[in-house]
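To convert, count from 1 in the sequence shown and add 249; that's our numbering. All C-beta atoms, glycine included, are put in the ideal place defined by N, C-alpha and C. Small disclaimer: the values here were computed from a predicted structure and weren't measured. Read through the structure below, which is laid out as structure tokens, and then see the notes.
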Amino acid sequence: MMYGYFNGSILPVEQISFGVTDLGLLRGFGLFDYFRTYNGRPFQWDWYWERFANSAAKMHLPVPINKDEAHRVVMELIDKSNLPDIAVRFVMTGGYSPDSISIVRPNLLMIAEEIHPTPLNQYDDGIKVILDEYVREMAEVKSTDYKRVILLAEAIRSARASDVLYHKNGEISELSRSNVFIFKGDRLITPNRHILHGITRRTVMHLAQNDFEVEEGPVSLTDLYDADEAFTTSSTKKVLPIVQISDLTIGDGKPGQRTRFLLDEFNELIENW
Numbered sequence: 250m251m252y253g254y255f256n257g258s259i260l261p262v263e264q265i266s267f268g269v270t271d272l273g274l275l276r277g278f279g280l281f282d283y284f285r286t287y288n289g290r291p292f293q294w295d296w297y298w299e300r301f302a303n304s305a306a307k308m309h310l311p312v313p314i315n316k317d318e319a320h321r322v323v324m325e326l327i328d329k330s331n332l333p334d335i336a337v338r339f340v341m342t343g344g345y346s347p348d349s350i351s352i353v354r355p356n357l358l359m360i361a362e363e364i365h366p367t368p369l370n371q372y373d374d375g376i377k378v379i380l381d382e383y384v385r386e387m388a389e390v391k392s393t394d395y396k397r398v399i400l401l402a403e404a405i406r407s408a409r410a411s412d413v414l415y416h417k418n419g420e421i422s423e424l425s426r427s428n429v430f431i432f433k434g435d436r437l438i439t440p441n442r443h444i445l446h447g448i449t450r451r452t453v454m455h456l457a458q459n460d461f462e463v464e465e466g467p468v469s470l471t472d473l474y475d476a477d478e479a480f481t482t483s484s485t486k487k488v489l490p491i492v493q494i495s496d497l498t499i500g501d502g503k504p505g506q507r508t509r510f511l512l513d514e515f516n517e518l519i520e521n522w
């Protein structure tokens, strides 16, 4: 049985419910964050909390719990799960509204979830993604608005792809739920605009700085044509090779050695987290 926290109480997830006047339901007004544990400990807790708090501030939502209290709740959810490792999802909505538009007091939910890991064969073979001309509104905020990728689900399946890579005005930004990197020789390049600043992205950039020239900046669609390697990063994907983008094959169509090196570095970091 998984447990969750809702506005001060910890309950089995199945017993948690929202009222119908919540702005998350009526207006789609909400944000979330998601992280996982390694060896029973929250991964990069300080960075995840910082991002969650920043997202809340940008959406003018006061966080009704402080960092230390939230950490105690997370550790209790981990303990109650009786699993070696779990994921934790924070969801904060605009709360119950008397006129369906005004914010009175946010609702805060924290739920423990089982981890759904990336299939191992995708690390060996790499993945394909398709292109979509789109930029998320308030991309730096991890909002609950994911309708774009949901509407594209059939197109992704039809292309035998795993995800979608967003671009606009000739510039790529991010995948639907993860960040993107390319290698040109020993230059590791990642977009810095119109993106969610991922925590795994940040971790990988720290790991890479001793071995590669790390660059943040605009990345054009044409940059993909002479990229030697590409990969995506997220809480569940870690460092996942991308070998095809729509009809474009990246490099030789196989996961590259530099990407594999960074995956090994990441795995070494989390082994003793």
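### Task
Give the secondary structure of Gln493 by DSSP, where H, G and I count as helix, E and B as strand, and everything else as coil.
strand
#### Entry: Pick from Val453, Ile376, Thr485, Leu497 that is closest to Asp472, judged by C-alpha positions
Leu497
### Query
Among His320, Met341, Gly277, which one has its Cα closest to the Cα of Asn303?
Met341
### Message
If you reduce the DSSP assignment to three classes, tell me which class Tyr383 lands in.
### Response
coil
### Task
List the DSSP bridge partners of Asn356.
Thr342
### Message
Is it buried or exposed, Tyr522, if we count other Cβ atoms within 10 angstroms and call 16 or more buried?
### Response
Note that residue 522 is Trp in the sequence shown here, rather than Tyr. By the neighbour-count rule (16 or more Cβ atoms within 10 Å), Trp522 is not buried but exposed.
### Range covered by the alpha helix (DSSP H) that runs through Ala479
Element bounds for Ala479: not the alpha helix (DSSP H) but the beta strand (DSSP E), 478–483.
#### Entry: Own chain, CB closer than 6 Å to Phe461, minus 5 neighbours either side, in chain order
Asp435, Leu437
#### Entry: Reference Phe281, options Leu424, Tyr395, Asp412, closest by Cα
Tyr395
### Own chain residues within Cβ distance below 6 Å of Ile265, not counting five before or after
Gly253, Phe255
### Task
Pull up the distance between the alpha-carbon of Phe309 and that of Gly273, whole angstroms please.
As written in the sequence, residue 309 is His, which differs from the Phe given in the question. Those two C-alpha atoms are separated by around 14 Å.
#### Entry: C-alpha gap between Thr481 and Leu456, whole angstroms
15 Å
### Query
Which residue's Cα is closest to the Cα of Ile350: Phe278, Leu400, Leu358?
Phe278
### Query
Does the separation of the CB atoms of Thr452 and Tyr345 fall below 7 Å?
no
### Message
Quick test of your reading: Ile335 and Glu362, contact by CB under 8 Å. State the CB separation rounded to the nearest angstrom.
### Response
6 Å
### Task
Let me know the secondary structure DSSP gives Gly279 once reduced to three states.
strand
### Message
Rounding to the nearest angstrom, what Cα-Cα distance links Gly289 and Ala305 in this structure?
### Response
27 Å
### Query
How big is the Cα-Cα spacing for Asn356 and Gly343?
7 Å
#### Entry: Assigned secondary structure, Ala306 (DSSP; H/G/I helix, E/B strand, else coil)
helix
### Query
Thinking just about the alpha-carbon of each residue, which of Ile379, Arg321, Asn331, Asn370 is nearest to the one in Leu567?
Since the first residue of the chain shown is 250 and the last is 522, residue 567 is not available in this structure.
### Unbroken beta strand (DSSP E) run spanning His320, endpoints
Segment 316–330 is the alpha helix (DSSP H) holding His320; no beta strand (DSSP E) there.
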